[in-house]
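Below: one structure, written as structure tokens.
Protein chains: 2
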Amino acid sequence: MGELPTRLEVEDLQRNLQQVQDLLRRQKLVEGLAGRLAELRAKLERLHSADIASILESLPLEERLAVWGLVGAEREGEILLELSDAVRESLIASMDSQELVAATGALEADQIADLAPDLPAQVVQDVIRALPQEEREQLRAALSYREGTVGALMDFDQIIVREDATLEAATRTLRGLDELPAHTDQLFVVDREGRLRGTLPLARLIVTDLERAVGEVVLSESVTLHPEDLAEDAAKAFERYNLVSAPVADHFGRLVGRLTVNTVMDYIRQRSAEAQLAESGLREEEDIFAPVLNSFKNRWTWLAINLVTAFIASRVIGAFEGSIEKLVALAALMPIVAGIGGNSGNQTITMIVRALALGQIQASYWLKLIGKELGVATLNGVLWGTLLGVAAFLLYGNVALGGVMALAMLLTLLLAAAMGVTIPLIRARLGRDPAVGASVLITACTDSGGFFIFLGLATLFLL
Amino acid sequence: MGELPTRLEVEDLQRNLQQVQDLLRRQKLVEGLAGRLAELRAKLERLHSADIASILESLPLEERLAVWGLVGAEREGEILLELSDAVRESLIASMDSQELVAATGALEADQIADLAPDLPAQVVQDVIRALPQEEREQLRAALSYREGTVGALMDFDQIIVREDATLEAATRTLRGLDELPAHTDQLFVVDREGRLRGTLPLARLIVTDLERAVGEVVLSESVTLHPEDLAEDAAKAFERYNLVSAPVADHFGRLVGRLTVNTVMDYIRQRSAEAQLAESGLREEEDIFAPVLNSFKNRWTWLAINLVTAFIASRVIGAFEGSIEKLVALAALMPIVAGIGGNSGNQTITMIVRALALGQIQASYWLKLIGKELGVATLNGVLWGTLLGVAAFLLYGNVALGGVMALAMLLTLLLAAAMGVTIPLIRARLGRDPAVGASVLITACTDSGGFFIFLGLATLFLL
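As given, the protein sequences belong to chains A and B, one line each in that order.
So the number in the numbering used here is just where the residue sits in the first sequence, counting from 1, plus 12.
So the number in the numbering used here is just where the residue sits in the second sequence, counting from 1, plus 12.
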């Protein structure tokens, strides 16, 4: 019985690899090394492609290429599919055209389409030329849909039965196949013109009298996707209706492919990873052992944007240098106001962005939302403002300074709340993704705003 | 043929509801109102529970309770299961014990276990008492496993066949059921003692001669989970091996339940939502229309922690007040150094935390990782440091100030890189979740550190 096979076996393999590396370094026991390599190769052969991919992800470039060299050519395509973009690129760069054509050619049309953006154009051409007619058309179709649509995610492994066939005949069709494609939980039922009529779950096929016609037991109410549907919407449908597979039909109702739950799950994982990375200003998933320059390229954009917003905040402070000169305590206290404002604004904007993504915010409740967030901000402002005001008074023995601190805290939190609701709603209204750069935008507002409010109040009341 | 049913229908429904609310407010057309309510109730009846849950999530409390009142009692349990914790609590608070017992009693044992933590203890007692013996034991079992384990996520809808039965007999068992449970892609095969021998995929059952014995065609190599396995590891197994369902067996090899892909997908979504929220210092998913006090409770912890770290940073500045008094430009420039340091440190720590979660970091490559991150930091430091140094010189006409700015930028980025790698690795070594509070910790380091480095260098070289 196979246990959860991963953790221990993978660690064992990595220990083995380490030993091989040690041997390599010492260059002493050449025969020993050959034996170890053979052992390692045999172990790799027994591992699932996804597990090998996971090992490759966790190795520095040199060791990664060594392991890659031990992988059988017939599995390379499948493993490439499981890798993150960055690591995949590092391996593709190490392969020549012939190897790439061989690795890719063994895949199915929808899988080739997934790899195509990372392959040299000539390799893609060669692969297309070598495909049988039907698969060539499937590949062309798959390549024609935009990223993030159902068309780009679907596969072509659907099993089709005609509505006028008997269940007996449908069962014979199934028996004729060596093995059913993964995630075949239902057959797709079409009419004479190839138009989708519905689905026939295997579970239903098993419990129904085989002499009946497919058309009598077809489920015509099943969820149908279109190639242009957003993958995100399809993912929600899979979650809500607990689907394992769903048919994809074009505008004429003709079945063109299917979407399966494993593809949807990969998509959800990838999207959530991207969202997390984007929040910290990383453009895409990074190979942790990437060359310094690649990492730099992945990160510089947001650092540059941050530089600009920090510079603006600095100029706001610059405008009040006269005040700071007279009361230097302001310099020490101002980052507290801006910092708490930023933290609180990020809380609000994260919640609103999430609610927008889930489709939970109706235009009619906009004012209600702002009202609620301003309420929370007032509560926070009075509490933390008072606390900080007292702390400022105790530190500097200046009552007015404490008062300014408390008032500035309250006003900055109100600003953070208002902006935290307004920025994502406006961006959504303009058709932008409200998640992108949300944190940078709100922090820019609360930094410059917080400095301005605190130093402005101080200049008004203290000097 | 059912299209993706959600968006338009849901909006239509919400428009309807708005009209009902308008009517309610005007209190004019009482007969009209009754008709509208009946219409709305009929529409709700046609919607999937998950869609009703989505509508409830997007309504303010008053309207939410109005719609909840229109939902048939027999569906309340299912809908409660689909809601986020916060919204679920708001509805449970509106129901009396009798309603809760009725709503919960209609569910299956694993579903009751999911709701139990949110229900009054008395209600749970009453529900348990009313259950048949077998389900009562299942519920007790489900409640006994910690959150985040397979045991807490599994259900009890497995269909079991004996290995010595024929496929013919297995098929008869299936025919005897009204309907197969969702996600039944395989049957679970046990021996006379109830020990799991493997699985029998429906697809295999269909294509195999019915006179053969189950034991001859059983897949004994299938992935098996244990109730104590971490849900996260199980989720990885589902993704890697493209599973639809997996058997859960205890330490004696006895089948105790099964895990299905829809549960895993929900779990992944929830975890990724929590991670995103935690990064902004929200303890849990928030009802966007929650009372101000509830939202405050959800957010105050991290604001308080942030307050402490901001206060420490402020005291670092306070120690250099003498220097700022002499050269007030320092006050305007210091937030830039700390800000860019924080942003860059967050990039590093996000990447490391993610790689740790994916199991990609081996202890042996620790130095290699630090080396790489220090390399990226040096590149960034030289580039942005020079840029900011020149800007500082142009603004204040002070070459030495520009030099200090550039050097402080470089050193702060190196600090951020070193801390960004070290903090999560140490926390992981200590057995803590490296993701929790990562952003707050690194920002605390870069703020205090950045201020100290910049003001310290300025005091050394400029005054």
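We treat Cβ as the ideally placed atom computed from N, Cα and C, and that holds for glycine.
Item, Value
"Report, in whole angstroms, the separation of the C-beta atoms of residue 160/B and residue 242/B, which I expect to be a contact under 8 Å.", "6 Å"
"Count the other CB atoms within 10 Å of the CB of residue 70/B; is the residue buried (16 or more) or exposed (fewer)?", "buried"
"Would you say residue 7/A reaches chain B, if we count a Cβ-Cβ gap shorter than 8 Å as a contact?", "Outside the shown range of chain A (13 to 475) lies residue 7/A, about which nothing can therefore be said."
"Taking Cβ-Cβ distances shorter than 7 Å, what residues in chain B pair up with residue 304/A?", "384, 387, 388, 391"
"With respect to the beta strand (DSSP E) encompassing residue 258/A, which residues constitute its N-terminal and C-terminal limits?", "257 to 261"
"How would you call residue 24/B, buried or exposed, if buried means at least 16 neighbouring beta carbons within 10 angstroms?", "exposed"
"So, under 8 Å CB-CB, residue 155/B and residue 131/B are touching, yes? Tell me the CB distance rounded to an integer number of Å.", "Between residue 131/B and residue 155/B the Cβ distance is about 12 Å, and since that is not below 8 Å, they are no contact."
"Establish whether the CB of residue 362/A and some CB of chain B are separated by less than 8 Å.", "yes"
"Look up residue 172/A in the DSSP assignment and say whether it is helix, strand or coil.", "strand"
"For residue 457/B, I'd like the list of residues in its chain whose CB is within less than 6 Å of its CB, leaving aside the five on either flank, ordered along the chain.", "431"
"Who are the Cβ neighbours of residue 247/A in its own chain at under 7 Å, not counting the five residues just before and after it?", "276, 279, 280"
"Looking at the strands, I want to know which residues DSSP matches up with residue 213/A.", "198/A"
"Is residue 452/A near the ligand ADP, going by C-beta to nearest heavy atom under 7 Å?", "Ligands in the displayed structure: none, and consequently the ligand ADP is not present."
"Does the separation of the CB atoms of residue 388/B and residue 405/A fall below 8 Å?", "no"
"Closer than 8 Å is the cut-off here; do at least three beta carbon pairs connect the region 82 to 92 of chain B with the region 113 to 129 of chain B?", "yes"
"Beta-carbon separation of residue 250/A and residue 467/A under 8 Å?", "no"
"Name, please, each residue of chain A whose Cβ falls closer than 7 Å to the Cβ of residue 377/B.", "72"
"Interface residues of chain A around residue 60/B at Cβ under 7 Å?", "252, 253"
"Compare the C-beta of residue 445/B with all C-beta atoms of chain A and state if any pair is closer than 8 Å.", "no"
"Using 8 Å as the threshold, is the C-beta distance between residue 172/B and residue 202/B below it?", "yes"
"Taking the continuous alpha helix (DSSP H) assigned at residue 272/A, which residues delimit it?", "Unbroken run through residue 272/A is the beta strand (DSSP E), 267 to 272; no alpha helix (DSSP H)."
"Keeping to the same chain, check which residues put their C-beta closer than 8 Å to that of residue 452/A; ignore five residues upstream and five downstream.", "293, 314, 317, 318, 321"
"Have a look at residue 414/A and residue 343/A and give me their C-alpha separation to the nearest angstrom.", "14 Å"
"Let me confirm a value: residue 263/B is counted as buried when at least 16 other C-beta atoms fall within 10 Å, else exposed. Which label applies?", "exposed"
"Exposed or buried, which one is residue 30/A when buried takes at least 16 other CB atoms within 10 Å?", "exposed"
"Applying the criterion that 16 or more other CB atoms from any shown protein chain within 10 Å of the CB defines a buried residue, is residue 288/A buried or exposed?", "buried"
"Within the region 115 to 201 of chain B, note down every full beta strand (DSSP E) run reaching 3 residues or more, in order along the chain.", "172 to 174"
"Count Cβ pairs between the region 344 to 360 of chain B and the region 322 to 341 of chain A that sit closer than 8 Å; are there 3 or more?", "yes"
"Residue ranges of each beta strand (DSSP E) run of no fewer than 3 residues wholly in the region 409 to 448 of chain A, ordered along the chain?", "none"
"Per DSSP, what kind of secondary structure is residue 236/A in: helix, strand or coil?", "coil"
"Under 6 Å Cβ to Cβ from residue 138/A, same chain only, skipping five residues before and after it: list those, please.", "113"
"Counting only Cβ pairs nearer than 9 Å, list the residues of chain A close to residue 63/B.", "252"
"Would residue 234/A pass as a contact of residue 265/A if the rule is Cβ separation under 8 Å?", "no"
"Out of curiosity, what's the CA-to-CA distance linking residue 398/B and residue 306/A?", "21 Å"
"Assuming residue 83/A and residue 52/A form a contact by the criterion Cβ under 8 Å, report the distance between their Cβ atoms to the nearest whole angstrom.", "Not a contact, Cβ separation roughly 11 Å."
"By the three-class DSSP mapping on this structure, what secondary structure does residue 225/B have?", "strand"
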